[in-house]
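Presented below is the structure to which this report refers.
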Amino acid sequence: MVDKAVGILGGGQLGRMLAAAASLLNIKIVILDVGEHSPAKQVLAPISTQYSHIDGGFTDPARIRELAAKVDVLTVEIEHVDADALSQADCEIHPSPGTIKLIQDKLAQKQHLQSRGCPVSDFITVDSTVESIHAAAKNLGLPLMLKSRTLAYDGRGNFVLRELSQAQDALATLGNRPLYAEKWVPFTHEIAVMVVRSTSGEVRAYPVVETVHKENICHLVFAPLRTRDATLSRRAQVVAEDAVKTFEGAGVFGVEMFLMDDGGLYINEIAPRPHNSGHYTIEACETSQYENHLRAILSLPLGSTALKVPSCAMLNIIGLSSSMDEINALKNVALTVPGASVHLYGKSECRKGRKMGHITVVAESDAELRTRLRVLLDALPSSPI
Ligand code: ATP
Ligand code: MG
Ligand code: MG
Numbered sequence: 001m002v003d004k005a006v007g008i009l010g011g012g013q014l015g016r017m018l019a020a021a022a023s024l025l026n027i028k029i030v031i032l033d034v035g036e037h038s039p040a041k042q043v044l045a046p047i048s049t050q051y052s053h054i055d056g057g058f059t060d061p062a063r064i065r066e067l068a069a070k071v072d073v074l075t076v077e078i079e080h081v082d083a084d085a086l087s088q089a090d091c092e093i094h095p096s097p098g099t100i101k102l103i104q105d106k107l108a109q110k111q112h113l114q115s116r117g118c119p120v121s122d123f124i125t126v127d128s129t130v131e132s133i134h135a136a137a138k139n140l141g142l143p144l145m146l147k148s149r150t151l152a153y154d155g156r157g158n159f160v161l162r163e164l165s166q167a168q169d170a171l172a173t174l175g176n177r178p179l180y181a182e183k184w185v186p187f188t189h190e191i192a193v194m195v196v197r198s199t200s201g202e203v204r205a206y207p208v209v210e211t212v213h214k215e216n217i218c219h220l221v222f223a224p225l226r227t228r229d230a231t232l233s234r235r236a237q238v239v240a241e242d243a244v245k246t247f248e249g250a251g252v253f254g255v256e257m258f259l260m261d262d263g264g265l266y267i268n269e270i271a272p273r274p275h276n277s278g279h280y281t282i283e284a285c286e287t288s289q290y291e292n293h294l295r296a297i298l299s300l301p302l303g304s305t306a307l308k309v310p311s312c313a314m315l316n317i318i319g320l321s322s323s324m325d326e327i328n329a330l331k332n333v334a335l336t337v338p339g340a341s342v343h344l345y346g347k348s349e350c351r352k353g354r355k356m357g358h359i360t361v362v363a364e365s366d367a368e369l370r371t372r373l374r375v376l377l378d379a380l381p382s383s384p385i
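Its first residue numbered 1, the sequence shown is counted upward by one per residue in full-length UniProt numbering.
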């Protein structure tokens with residue numbers, strides 16, 4: 001017997017890992033995604049018409065209604081959904097469509113965080129004209145980080161303006177999307193904190209992790225954060241928890257932050273869903289971010305967010321070309337490394353820069369972790385992985 005069914009807008013790797021966690025608790029999952037064989041649908045067999053997946057866009061109001069009719073609770077694995085259509089759905093929705101709408105517009109998200117006293121670096125609205133970009137650069141200085149307000153991921157929506165003469169190029173690259181600009185943040189490290197929030201408003205932060213990006217894409221994650229600053233981890237968790245408390249709705253939120261030389265913290269952005277920098281929680285924490293997301297949205301008791309291993313790293317497997325050869329070679333090496341768990345997402349095509357899988361490595365010490373990770377890093381083909 002199924003207790004409650006959850007509908008997920010989006011059927012990518014996050015949906016796939018949510019589905020895997022759901023199977024342990026016998027929670028039924030129904031996926032809405034265009035792909036008939038999307039990563040999440042591959043790991044779930046429909047048991048009846050009621051639970052059969054829907055082939056359609058997660059921005060399509062009719063398909064969202066169809067999904068809502070099949071389940072008790074709706075959630076998202078991607079924030080780029082039609083939040084207005086979602087708000088019309090006749091079932092519980094987590095996080096709230098208002099939260100998703102706010103977060104999916106990066107400028108509105110920054111304005112919201114600033115108005116609630118959360119630390120964000122300076123930013124300014126920009127029109128899609130050379131003059132407006134020049135004015136923003138005059139105000140915030142160079143380099144200037146130009147960002148698309150909507151539909152951004154993996155840095156595809158960002159343009160680093162190093163000289164005023166690049167303004168036209170920036171407009172051509174970022175297309176017709178609405179823009180804003182952020183002051184360049186000379187951070188020393190990027191860190192992230194996953195936070196789970198229950199329907200009654202309880203928040204629990206996961207351990208702080210260091211994220212290492214390459215070409216705007218998350219490359220490596222290390223947990224726990226290693227630092228000489230004894231207050232840093234708790235400070236970062238409090239910043240993340242306080243930020244998440246400003247949003248309505250239950251579930252997991254991923255809070256990306258910049259760490260400054262003087263120990264200061266700025267929030268870069270927040271995701272209203274499980275997050276790439278939280279994949280490590282599957283092997284390394286008492287309760288994974290995926291299970292805790294489901295527990296939160298179904299009003300079940302939240303699980304412990306504590307680490308259960310001394311040291312952990314997560315390596316993203318990024319496509320190099322249309323070929324899976326390099327990825328399979330890396331997988332074969334990883335299968336020989338103790339403490340390494342390989343996750344391949346089953347995406348239909350491999351493409352340069354596409355997230356195809358990840359490998360989590362756990363160890364009894366940092367030294368052991370480094371030895372194990374070294375084997376994987378040495379097996380990587382050169383950039384961009
Ligand atoms: P994703 O959602 O996949 O994390 P995104 O497309 O939303 O990525 P951002 O997180 O905004 O992009 O930025 C990508 C990366 O660019 C950041 O992780 C950071 O390395 C760098 N970056 C972003 N904003 C700034 C800034 N204001 N100053 C300096 N570097 C920045
Ligand atoms: Mg983002
Ligand atoms: Mg980001």
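No residue lacks a Cβ here, since even glycine has one placed at the ideal position from N, Cα and C. Small disclaimer: the values here were computed from a predicted structure and weren't measured.
In the same chain as V375, and ignoring 5 residues on each side of it, the C-beta atoms closer than 6 Å to its own belong to V337, in chain order. Remark: the shortest separation between the CB of Y153 and any heavy atom of ligand 1 falls under 7 Å. For M17, the enclosing alpha helix (DSSP H) has its first and last residue at Q13 to L24. Listed in chain order, the alpha helix (DSSP H) elements of length 4 or more contained wholly in the segment 165-210 are 167-174. Of the heavy atoms belonging to ligand 1, none sits nearer than 7 Å to the Cβ of V212.
Beyond the five residues adjoining it in sequence on each side, V309 comes within less than 6 Å, by CB distance, of A284 and V362 in the same chain, given in chain order.
In this structure, L107 lies near T125, with their beta-carbon atoms less than 8 Å apart. At a Cβ-Cβ threshold of 8 Å, V34 and G15 do not count as neighbours.
In the DSSP assignment, A340 is bridged to V361. Taken in chain order, the complete beta strand (DSSP E) segments of 3 residues or longer contained in the segment 212-281 are 217-223, 251-259 and 265-271. E241 is a Cβ neighbour of V203, given a cutoff of 8 Å. In this structure, DSSP gives I27 a state outside helix and strand, which the three-state scheme calls coil. Exclusion of M260 from the 7 Å shell around ligand 1 follows from its C-beta lying no nearer than that to any non-hydrogen atom of the ligand.
One alpha carbon belongs to V239, the other to G303, and they sit about 21 Å apart. Contact between R354 and I318 holds, with the beta-carbon distance rounding to 7 Å and staying under 8 Å. As the crow flies, the alpha-carbon of I31 is around 10 Å from that of T75. For the pair of segments examined, the segment 191-203 was found not to touch the segment 172-181: the number of CB pairs separated by less than 8 Å stays below three. Going by beta carbons, Y280 and M314 fall inside the 8 Å limit.
Secondary structure at D55: strand, using DSSP grouped into helix, strand and coil.
For E77, the Cβ stays outside the 7 Å cut-off from all heavy atoms of ligand 1. Nearest C-alpha to S165 among I133, E182, A152 and A181: I133. Taking 7 Å as the cut-off, the C-beta of E269 counts as close to a heavy atom of ligand 3. Distance from the C-beta of E256 to the nearest heavy atom of ligand 3 is below 7 Å. In this chain, I124 is not harboured by any alpha helix (DSSP H); it is covered by the beta strand (DSSP E) spanning F123 to V126. Assignment of beta-bridge partners to V76 by DSSP yields L9. In the three-state scheme derived from DSSP, where H, G and I count as helix and E and B as strand, Y290 is classed as helix.
Counting C-beta atoms within 10 angstroms of its own C-beta, H37 has fewer than 16 neighbours from the protein chains shown and is therefore classed as exposed. Assigned with DSSP and collapsed to three states, I47 falls in coil, not helix or strand.
Here the alpha carbons of A223 and P95 stand approximately 26 Å from one another. Between V208 and Q237, the gap from beta carbon to beta carbon is short of 8 Å. Contact annotation, S52 with P61: C-beta distance approximately 20 Å; criterion of less than 8 Å not satisfied. According to the DSSP secondary-structure assignment, I318 is paired through a beta bridge with K355. By the beta-carbon neighbour count (other beta carbons within 10 angstroms, threshold 16), E182 is buried. Runs of the alpha helix (DSSP H) spanning 4 or more residues and lying entirely within the segment 91-168 occur at 97-104, 106-115 and 130-140, in chain order.
Relative to L320, the option among D72, R351 and L259 whose CA is nearest is R351. In the structure shown, L376 falls within a helical segment according to DSSP collapsed to helix, strand and coil.
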